[in-house]
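First residue of the sequence shown: 1, per full-length UniProt numbering; consecutive thereafter.
Where a beta carbon is used, it is the ideal one built from N, C-alpha and C, also for glycine.
Bear in mind the structure is a predicted one, so any value in this text is a computation, not a measurement.
Here the structure is laid out as structure tokens; the discussion comes afterwards.
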Amino acid sequence: MNAEYRDRISGVIDERRQEYTNLSDEIWGYAEPRFQEYESSRAQQEFLKARGFSIRADLAGEKTAFIAEYGSGKPVIAFLGEFDALSSLEQKADCAERCPIPGKENGHGCGHHLLGTASVAAVDALKTCMEEKQLKGTIRYYGCPAEENAGGKAFLVRDGYFDDCDAAFTWHPATSNKTMGNEHFLANFRAFFTFHGISSHAAGAPELGRSALDAVEIMDIGVNYMREHMIDAARVHGAITNTGGIAPNVIPSEAQILYAVRAPKVTQVKKLYERMCDIAKGAALITGTTVEIRQVAAYSNVIRNRVLEDVMDEYLHAFVPIGYTEEELEYARKFQSAITELDKEGLKNTISMLAGKEKRKEMMEMPMLDFVLDKELSIGGGGSTDVGDVSWVVPTAQVNVNCYAAGTALHSWQAVAQGKSELAHKGMLAAAKVMACSGAEILLHPELAEKAREDWKEELDGEVYPNPLPKEAKPELW
């Protein structure tokens, strides 16, 4: 750890604290969904352009994607940011009961307004140190759209925007502090299955019709039977997005179902997806319909990198405990009382993995878990992230930093409500410091990038990026 750079970076971020919190709060207010983050992307671009970064925008078919760059030559360090919100989570800030905002539909229930802003702060502070100390190398902020449901980074990876990077750093808002070492993220495909049949009068001439809805139902039955013959860690979940209408006396000529299929490795997902496609074709054959299959998103599993994890973990310990005032702790207690019973049970299960019986009760009463967890501890899991696709082509590391009251579920209105609080701001700024200091270590010691690449190759063990997106797949609204 370089104490001089640590203190300088921390000081710069503290000095510019209000600018960063203003930016995150602005993006919280926009709350734009995937591929529609126009104002959020603009705000970050304008901020970094004013700081002297060059900007490349409208990348890989994603109108809101951009790269902000400073410096030249090697090493090239990527800092990943996001800014998309979630649908149906509109919520007033600081309100510990359900308080939808009239006229709004979306909310930052996954903290991406914090996620992107912390990475912006990291490159901004690191640029200041590079100028002061005349450090060589290139730093980039990647403004990545549509992490939710569409895997925006996968399109950027597919089109080669990470090919010359030596290391990548990112983070995620959470309810604990942890370097993401032994955490398990699942690879994930999203695909629409649209069946086309023949409409007719359901009573007068049923023999003339071929029901697309029957095909959807038969496919779903087939997928349910497939679940019995998958590995335990795999998951399949679906939603019927088009039932074919609401008239029972009309045989539906079109119906559609959207599936997400997950497994620990992208190669395992690919095999399950192929089986699902065969089930769809079988359902079409049974019902006399046709099926159109369209894969719209793909998330690969994360390739961990112990060298970069060690760097981030050291700085995570340097900036945690974060420290909270009694007023901030009381705020957290208010939101702990607003979480669901299932969330409380989840918190209890997490704490049971962290402490012995004598300390569990004490920890259950903590409004904020203000300590660092062992990076080899695996808690939660089962979700997917397009950071995985980046990790297949460049050594990558990630930390979680506490931004919410203990027990708060992400993708909830409770998380949205806390998104402009001091709890959220403090976590965001701590994450910025961890990332900026980690980047400084690579600039100061380029041999770390080489060691990280060696570890990355060893982890891949001869595998290459499977590029799970079909060639014809494009970023789109659906």
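key: For R98, the residue or residues it bridges with in DSSP   = For the purposes of this step, residue 98 is identified with residue 98 of the sequence shown, where counting begins at 1. Note: R98 sits in no beta bridge, so no partner.
query = Does the region 150-159 come within contact of the region 389-397, defined as at least 3 CB pairs closer than 8 Å?
reply = Enough Cβ pairs lie closer than 8 Å, so yes.
ask   = Closest by CA to A118, which one among E19, A332, T64 and L135?
value = For this step, residue 118 is matched to residue 118 along the sequence shown. Comparing Cα-Cα distances from A118 to each of E19, A332, T64 and L135, the minimum goes to E19.
ask   = How would you write the range of the alpha helix (DSSP H) that V416 sits in, first residue to last?
value = Looking up residue 416 in the sequence shown gives position 416. Per DSSP, V416 belongs to the alpha helix (DSSP H) from W413 to A417.
inquiry  = Using a Cβ distance threshold of 8 Å, determine whether the region 71-83 contacts the region 143-153, with at least three qualifying pairs required.
reply    = Touching, yes.
inquiry  = On a Cα-Cα basis, can you pick out the residue from E376, I139 and Q91 that is closest to residue 508?
reply    = There is no way to answer for residue 508, as the model of the chain reaches only from 1 to 478.
request  = Check the DSSP bridge columns for R140 and list the partner residues they point to.
outcome  = As a first step, residue 140 must be located in the sequence shown, where it is residue number 140. Beta-bridge analysis with DSSP links R140 to E69 and A78.
Inter-residue spacing [alpha-carbon to alpha-carbon] between residue 479 and K420 = The structure shown does not extend to residue 479, since the chain spans only 1 to 478, so no value can be given for it.
query = Between which two residues does the beta strand (DSSP E) harbouring L258 extend?
reply = The residue given as residue 258 occupies position 258 in the sequence shown. Going by DSSP, L258 is part of the beta strand (DSSP E) stretching over E254 to A263.
request  = Any chance you could list the alpha helix (DSSP H) runs of at least 4 consecutive residues sitting entirely within the region 354-391, in chain order?
outcome  = Listed in chain order, the complete alpha helix (DSSP H) runs (minimum 4 residues) inside the region 354-391 are 357-364 and 387-391.
query = So what does DSSP say about D58, is it helix, strand or coil?
reply = Looking up residue 58 in the sequence shown gives position 58. Strand.
key: Beta carbon of I251 nearer than 8 Å to that of T241   = The residue you call residue 251 lines up with position 251 of the sequence shown. The residue you call residue 241 lines up with position 241 of the sequence shown. Judged by beta-carbon spacing, T241 lies beyond the 8 Å limit of I251, meaning their Cβ atoms are not closer than that value.
ask   = Rounded C-beta distance between P470 and E62? I'm assuming under 8 Å.
value = In the sequence shown, counting from the first residue as 1, residue 470 sits at position 470. In the sequence shown, counting from the first residue as 1, residue 62 sits at position 62. In fact, because the Cβ distance is near 16 Å, the residues do not count as touching under 8 Å.
ask   = Roughly how many whole angstroms lie between the Cα atoms of P75 and K136?
value = As a position in the sequence shown, residue 75 is number 75, starting the count at 1. As a position in the sequence shown, residue 136 is number 136, starting the count at 1. Approximately 8 Å, taken between the alpha carbons.
inquiry  = Can you tell me whether L89 is helix, strand or coil according to DSSP?
reply    = Numbered from its first residue, the sequence shown carries residue 89 at position 89. Looking at L89 - three-state DSSP - the assignment turns out to be coil, as it is neither helix nor strand.
task = Figure out for me which residue from G462, N305, V401 and A432 has the closest Cα to the Cα of N177.
result = Taking the first residue of the sequence shown as 1, we reach residue 177 at position 177. Nearest in C-alpha terms to N177, of all of G462, N305, V401 and A432, is V401.
key: Contact between the region 407-416 and the region 123-136 (3+ Cβ pairs under 8 Å)   = Judged by Cβ distances under 8 Å, the region 407-416 makes no contact with the region 123-136, as fewer than three pairs qualify.
query = When DSSP labels each residue in this structure, what does V296 get in the three-state scheme?
reply = As a working note, residue 296 is residue 296 in the sequence shown. Reduced to three states, the DSSP call for V296 is strand.
Cβ shell of residue 482 (< 8 Å), same chain only, five flanking positions each side left out = The requested residue 482 is not part of the displayed model; the chain covers only 1 to 478.
task = State the start and end residues of the unbroken beta strand (DSSP E) segment that holds H172.
result = Position 172 of the sequence shown, counting from 1, holds the residue named residue 172. Counting along the chain, the beta strand (DSSP E) containing H172 begins and ends at A167 to A174.
task = Sort V236, I139, D370 and C403 by Cα distance to V418 and report the nearest one.
result = As a first step, residue 418 is located in the sequence shown; it is residue number 418 there, counting from the start. What sits at residue 418 in the sequence shown is Gln, not Val. Considering only alpha carbons, the answer is C403.
query = Under 8 Å, do A406 and M353 count as touching if we go by C-beta distance?
reply = The sequence position of residue 406 within the sequence shown is 406, counting from 1. The sequence position of residue 353 within the sequence shown is 353, counting from 1. No, they are not a contact pair.
message = Could you pull the DSSP bridge partners for F155 from this structure?
response = Walking along the sequence shown from the start, residue 155 turns up at place 155. F155 pairs with nothing; no bridge assigned.
inquiry  = Strictly by DSSP, which residues pair up with I187?
reply    = Here the question's residue 187 lines up with position 187 in the sequence shown. One detail in the question is off: residue 187 reads as Ala in this sequence, not Ile. Answer is A263, bridged to A187.
inquiry  = Please report the straight-line C-alpha distance between A432 and T170, rounded to a whole angstrom.
reply    = By one-based count along the sequence shown, residue 432 stands at place 432. By one-based count along the sequence shown, residue 170 stands at place 170. Approximately 9 Å, taken between the alpha carbons.
request  = Provide the residue span of the alpha helix (DSSP H) that contains R6, from first to last.
outcome  = The residue given as residue 6 occupies position 6 in the sequence shown. A3 to E15 is the extent of the alpha helix (DSSP H) around R6.
DSSP-derived helix/strand/coil call for F192 = Within the sequence shown, the letter at position 192 stands for residue 192. Secondary structure of F192 (DSSP, three-state): strand.
ask   = In whole angstroms, what separates the C-alpha of G204 from that of G238?
value = By one-based count along the sequence shown, residue 204 stands at place 204. By one-based count along the sequence shown, residue 238 stands at place 238. Put simply, the backbone Cα of G204 is about 33 Å away from that of G238.
query = When the Cα atoms are used, what is the spatial distance from V372 to V269?
reply = As a first step, residue 372 must be located in the sequence shown, where it is residue number 372. As a first step, residue 269 must be located in the sequence shown, where it is residue number 269. One C-alpha to the other measures close to 33 Å.
ask   = In the structure shown, what three-state DSSP assignment does T21 receive?
value = Counting from one through the sequence shown, the residue named residue 21 turns up at place 21. T21: helix per DSSP, three-state reduction.
key: Residue range of the unbroken beta strand (DSSP E) whose run includes A239   = As a working mapping, residue 239 is identified with position 239 in the sequence shown. Start and end: R235 to N242.
inquiry  = Suppose the cutoff is 7 Å on Cβ atoms and the five residues either side in sequence are ignored; what does the same chain contact list for A338 look like?
reply    = Taking the first residue of the sequence shown as position 1, residue 338 is located at position 338. Same-chain partners within the cutoff: A96, E97 and Q414.
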